[in-house]
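Comments concern the structure below.
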Ligand code: ATP
Ligand code: MG
Ligand code: FE
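Residue numbers (the UniProt record's numbering): 12 to 388.
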């Protein structure tokens, strides 16, 4: 099926078009530049930017794919989670398009879409950076995925700006189970906060990823949250947070560390701190994810979310999965951060699985749980 996907949950206006598991176009307009001076996304500004960007983004996407709205079989839109006002712009546009064209509309979960994008084939000449670097396998769709069929024992590691979760996926269209998650900050949030502490600006993830390459990750040892025995327990008697993460203590430890250098009148070793912080985040994310997979018999893992663009996370998770006999599927970099193609990719899975569309009565849900893949009619 030819599916058009619309994304507007945060500061990216995205329209993507897929045919089954083949990516045709992925057009993204970001209002990031307008938020930089505030050090974070301002919801009202993001909503207005979606309003300005939606129609040109839609037109560009259709044109690049060489298709018209009449050719489209279904429309998919992010219904949550995300910023309420931002979601409303995309949802309203999608409903209007669906009514005007008579096409079925799917209201889908942004987080599941971050994971579902891994089912696309690496088409359009987009090579998978991680696969090229020899870490992990490429996207699951690359030659291995017959339409709508997934391997059994599939999991997903979702690491984004607002969420950090390990999921068991029995069916990407209607059976997603949460095995573990962060109990405070998300990984992306921690990157953004630490970048601010280090004066690296916004968004913090790419900035820390870059500067960390010049630093020594072993120069400082930052805490790994929720790894003490009382939280972990044993394989037989699992502790209360065996598969969960916590990043707020790490953020505080970085702040203390910077204060100490400043109090001594010493220059703050920004690159070393960034590298040591990144190592702490990536170490605990990958070790707990691999543990959860091993103990649930998961043998294939889809990596997803904006922080999945992080080079060290891709590398270490890839290595640890390989050692554990788990295949990690890593999407191309430009499909990790928010975009419309991921929404279209999940929409196509829903169509192929014969799931009923959502109609046009639904309201966006800023805190939609990851277990709700799409809104039922
Ligand atoms: P959610 O998907 O949970 O609703 P979101 O849509 O705001 O949140 P994403 O677009 O998935 O988040 O990801 C954005 C986050 O990814 C930001 O926190 C950003 O700092 C982080 N990020 C992007 N690139 C990198 C990178 N190379 N290394 C680390 N973090 C990164
Ligand atoms: Mg964004
Ligand atoms: Fe996102």
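No residue lacks a Cβ here, since even glycine has one placed at the ideal position from N, Cα and C.
This one's a predicted model, so the numbers in the text were calculated from it and none came from an experiment.
> Span of the beta strand (DSSP E) holding residue 174?
Replying inline: Unbroken run through residue 174: none, as it is neither H nor E.
> Is the CB-CB distance between residue 357 and residue 66 below 7 Å?
Replying inline: no
>> Within 10 Å of its beta-carbon, does residue 6 have 16 or more other beta-carbons around it, so buried, or fewer, so exposed?
In response: No answer is possible for residue 6: it lies beyond the span of the chain, which begins at 12 and ends at 388.
> Under three-state DSSP, which class holds residue 58?
Replying inline: helix
>> Helix, strand or coil for residue 48? Go by DSSP, reduced to three states.
In response: helix
>> Strictly by DSSP, which residues pair up with residue 315?
In response: 169
> With residue 283 and residue 191 assumed to form a contact (beta carbons below 8 Å), what rounded beta-carbon distance in angstroms separates them?
Replying inline: Incorrect: roughly 30 Å between the Cβ atoms, too far for contact.
> Hey, residue 313 and residue 129: beta-carbon distance below 7 Å or not?
Replying inline: yes
>> Using 8 Å as the cut-off, can you tell me whether the region 331-348 makes contact with the region 268-283, which would need three or more C-beta pairs spanning the two stretches below that distance?
In response: no
> Given residue 195, which residues of its chain have a CB within under 8 Å of its CB, disregarding the five upstream and five downstream residues?
Replying inline: 257, 258, 259
> Whose C-alpha, out of 304, 239, 316, is nearest the C-alpha of residue 200?
Replying inline: 316
> Do you know how far the Cα of residue 105 is from the Cα of residue 113?
Replying inline: 11 Å
>> Using a Cβ-based criterion (distance less than 6 Å to any ligand heavy atom), does residue 349 qualify as near ligand 1?
In response: yes
> Taking C-alpha atoms, which residue in 382, 347, 182 lies nearest to residue 363?
Replying inline: 182
> Residue range of the beta strand (DSSP E) that residue 25 falls in?
Replying inline: 23-30
> Heavy atom of ligand 3 less than 6 Å from the Cβ of residue 192, yes or no?
Replying inline: no
> Looking only at C-alpha atoms, which of 169, 52, 359, 270 sits nearest to residue 325?
Replying inline: 169
>> On the DSSP bridge list, what partners appear for residue 18?
In response: 25
>> Looking only at its chain, what residues have a beta carbon closer than 6 Å to the beta carbon of residue 228, apart from the 5 residues adjacent to it on each side?
In response: 286, 287, 290
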